[in-house]
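According to mature numbering (1 follows the signal peptide of the UniProt record, and there is no 0), the sequence shown holds residues -22 to -1, 1 to 162 in order. Notes to accompany the following structure.
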Amino acid sequence: MKNSPILNLMFRTLFVAMFAWSAAAGSPAAEASERLGSLIDLSARAKIDTALAFIGKLQHRVSDSEFIRLRDQSDSLFTTSGYINLETSDGQHLRLTRGEFLTRARDRQATYKLKKATLVLNDLFRKGPNDRWYCRSTTFHEVSRFDGDYPIPEKVTSVKRKPVRERAASESYWQIIELTLTEK
């Protein structure tokens, strides 16, 4: 049987579901991550589901070391400048860094629901002049639903030649630029 992208996607989604279940059951996120392998290769939907699973784990009291592990693992899901737009339970609209949001989620122990996301797909890595690396970077704006694991955006923008520091460990990968969540 050939190695099909759909089959790979199904297995990755299954692993994310297993991770979310194990996190809810109290297994440390670091152990679940080891079973998953690298988070860089997850689909767009799986990255959002994983981020939400990390946030869901914070609904329960977690140790400082567990909090640090969750915070550090979230780095591979988001872009460097990734952030959270939060609609609070009292009607405020906040724009928070990942660290600020995770601290708030830990302190408040509220539930959060995804409203929309902005995602980026980096692919077509190549070496250009002066031995610098470049990739195509496609941004999917206002994603609130998916067709399987593929995001359905309101708008798509693309940069054909985005400079990157080095070639990625993956041929292509998704990252979360922003999540818009509602707090309950």
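Backbone N, C-alpha and C fix where the C-beta goes; we use that ideal spot for every residue, glycine too. A quick note: this is a predicted structure, and the numbers were derived from the prediction, not measured.
Item                                                                                                                                                                 : Value
Quick one: Cα of residue 119 to Cα of residue 129, how far?                                                                                                          : 9 Å
Let me know if residue 141 comes out buried or exposed under the rule of 16 or more other beta-carbons within 10 Å of its beta-carbon.                               : exposed
What does DSSP give as the partner residues of residue 129 in its beta bridges?                                                                                      : 124
Is the CB-CB distance between residue 117 and residue 135 below 7 Å?                                                                                                 : yes
Run through DSSP, which three-state label would residue 101 get?                                                                                                     : strand
Please classify residue 153: does DSSP put it in a helix, a strand, or coil?                                                                                         : strand
Here's a check: name, in chain order, each residue in its chain whose Cβ is nearer than 6 Å to the Cβ of residue 11, leaving out the five neighbours to either side. : Unreliable placement is indicated for residue 11, whose pLDDT of 40 sits below 50; the coordinate value is still reported in the next sentence. Cβ neighbours of residue 11 beyond the five flanking positions: 51.
DSSP beta-bridge partners for residue 22?                                                                                                                            : Note: residue 22 sits in no beta bridge, so no partner.
Could you give the DSSP three-state label for residue 106: helix, strand or coil?                                                                                    : coil
For the putative contact between residue 146 and residue 103, defined by C-beta atoms under 8 Å, what is the C-beta separation to the nearest angstrom?              : 6 Å
Is there contact between the stretch 121 to 128 and the stretch 87 to 103, where contact requires at least three CB pairs shorter than 8 Å?                          : yes
If you draw a straight line from the alpha carbon of residue 56 to that of residue 38, how long is it in whole angstroms?                                            : 23 Å
Any heavy atom of the ligand MG closer than 6 Å to the CB of residue 123?                                                                                            : This structure lacks the ligand MG, and indeed carries no ligand of any kind.
Is it the case that the Cβ atoms of residue 62 and residue 74 are separated by a distance below 7 Å?                                                                 : yes
I'd like the list of long-range same chain contacts for residue 111, defined as Cβ closer than 8 Å, with 5 residues on each side in sequence excluded.               : 103, 104, 105, 141, 142, 143, 144, 145
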